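Take 4 as the starting number for the sequence shown in the numbering used here and just add one per residue.
The next block holds one structure in the form of structure tokens; read it before the comments.
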Amino acid sequence: MDVVNLLLDHGADLNHQTTSDGLTPLIFAVNRGHVNITRKLVDYGAKLDTAEFNNQNTALHVACSRGDKEIVQILANERTFNQIFDKINKEGHLAISIAEEKLMEEQQERLNGGPNINQPGLNNFRSGKKEEDENSQSRWWAIFEHLDNLRSGLNERATKAGNDIISEELADEQKRQRKIEHEN
């Protein structure tokens, strides 16, 4: 973290795509599960909508595919949501779609009586080890629920704002009609 602070304090380019894959420091930190570095880069203004070259994944796509709830919460909040939510990757997936798919895989796995050993990495993306993770379903659910709640809340506010505008326009139209009727 000291090196990150030093680089940031000396004006390092947060959005430079540093590798042939187009990884930014943010995507690299998310891919490695570095919560504190991710938070620091976001606080310093790293672009959240930049996608790596190969699969066009943003940092949020990567965090969702890793199942990293804390990083998802850092990346996706009311302030940043509109900037990143509608970004699709090369396969046409939104980040929330990845979280939903992982949740469904976990649920199917549980229905089938446990992990499928032919699908390595489904249970523990951090270590790459195949291990039982009793909290994995709640992790996937928490990620999906967080993103879905953000989307729903923003949609409700947009609908309310739209309804408020329509109500104001209707009230203005009624006033104009009364004025015309009164003048006649």
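Glycine included, C-beta positions come from ideal geometry on N, C-alpha and C.
Since we're looking at a predicted model, the values are computed, not measured.
Which residue marks the beginning of the alpha helix (DSSP H) containing residue i, and which one marks its end?
i: N85; result: F84 to I87
i: S100; result: A98 to L114
i: L74; result: In the sequence under discussion, the amino acid at residue 74 is Ile, which differs from the Leu named in the question. Per DSSP, I74 belongs to the alpha helix (DSSP H) from K72 to L78.
i: T53; result: Looking at the DSSP string, T53 is not in any alpha helix (DSSP H), and its letter there is neither H nor E.
i: T41; result: V38 to D46
i: L26; result: Run containing L26: none; DSSP gives neither H nor E here.
Indicate whether residue i and residue j have their beta-carbon atoms separated by less than 9 angstroms.
i: L189; j: V75; result: This structure cannot settle anything about residue 189, because the visible part of the chain is limited to 4 through 187.
i: L78; j: V45; result: yes
i: K105; j: I146; result: yes
i: V7; j: I40; result: yes
What does the alpha-carbon distance come out to for the pair residue i and residue j?
i: T27; j: E159; result: 33 angstroms
i: N34; j: G70; result: 11 angstroms
i: T61; j: K90; result: 8 angstroms
i: E73; j: K182; result: 57 angstroms
i: R42; j: Q86; result: 17 angstroms
i: K178; j: G156; result: 33 angstroms
i: A15; j: S23; result: 19 angstroms
i: G116; j: K163; result: 45 angstroms
i: D5; j: D12; result: 10 angstroms
i: V38; j: E112; result: 28 angstroms
i: E186; j: D175; result: 16 angstroms
So what does DSSP say about residue i, is it helix, strand or coil?
i: H19; result: coil
i: Q59; result: coil
i: E81; result: coil
i: D12; result: helix
i: D49; result: Per the sequence shown, residue 49 should be read as Ala rather than Asp. A49: coil per DSSP, three-state reduction.
i: N127; result: Note that N127 scores 44 on pLDDT, short of 50, meaning its location in the model is unreliable; the coordinates nonetheless yield the value given after this. N127 falls in the coil class under three-state DSSP.
i: E94; result: coil
Nearest to residue i by CA position, among the options, is which residue?
i: T83; options: A49, E109, R69 and R113; result: A49
i: G25; options: N57, E186 and Q86; result: N57
i: N80; options: I91, L63, L114 and V38; result: L63
i: L153; options: Y47, F88 and H19; result: F88
i: G36; options: C67, A54 and G14; result: C67
i: R142; options: L51, A32 and E108; result: E108
i: Q20; options: I99, A54, D175 and R113; result: A54
i: I30; options: D12, G14 and D52; result: D52
i: I100; options: L114, W144 and Q180; result: The amino acid occupying residue 100 in the given sequence is Ser; Ile does not appear at that position. Of the candidates L114, W144 and Q180, the one whose C-alpha sits nearest the C-alpha of S100 is W144.
i: K10; options: Y47, Q180 and S23; result: For clarity, residue 10 is Leu in the given sequence; the question names Lys instead. Considering only alpha carbons, the answer is Y47.
Flag residue i as yes when its Cβ comes closer than 8 angstroms to any non-hydrogen atom of the ligand HEM, and as no otherwise.
i: K163; result: This structure does not include the ligand HEM; it has no bound ligands of any sort.
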